[in-house]
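When the letters of the sequence shown are read in order and numbered with our numbering, they come out as residues 8 to 117.
The beta carbon of each residue, even a glycine, is placed where N, CA and C say it ideally should be.
Since this is a predicted model, take the numbers as computed values, not measurements.
A short write-up of the structure that comes next.
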Amino acid sequence: MDHRCQITTPGRRICDACLRGLRRDLAALPDLYDACAGAETRTAIQAVLTSWAALVATEWRTPAPGAGVPDLTAFLSRHGDWLACHGGAPLLVEDAAELVAAARPALQPA
8 MDHRCQITTP GRRICDACLR GLRRDLAALP DLYDACAGAE TRTAIQAVLT SWAALVATEW
68 RTPAPGAGVP DLTAFLSRHG DWLACHGGAP LLVEDAAELV AAARPALQPA
């Protein structure tokens, strides 16, 4: 993370700004995934989201979402408040931001 969180909600591991950024990044990933021509970037997006969704599904003892990026990001967004309290929350924020940064060039004109 490029800033030090000022956590104001008890129990959270990330600040409100990071949670908003995470939700924004998760919302952007399905379109970015579709726009990516690079298999490596698409594979990374799928793998990271699948891993985080598996963590949530295991912890909540709930079925994992479908393997599609829209399903994965919707699932993670629904569990965003819980994830914000998880010890790995800062890493998830970082992972999502890195995926968006890696995929964003796909939307830029050549």
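- Comparing alpha carbon positions, the residue from S84, T57, W67 closest to G73 is T57.
- Note on L114: under 16 other CB atoms within 10 angstroms of its CB, so exposed under the neighbour-count rule.
- Take A71, set aside five residues on each side of it, and the residues of its chain with a beta-carbon closer than 7 Å to its own are A60, A61, A64, in chain order.
- Between A103 and the set C43, H93, R30, D38, the nearest pair of CA atoms involves R30.
- Here L26 really is in contact with A91; their C-beta atoms are around 5 Å apart, less than 8 Å.
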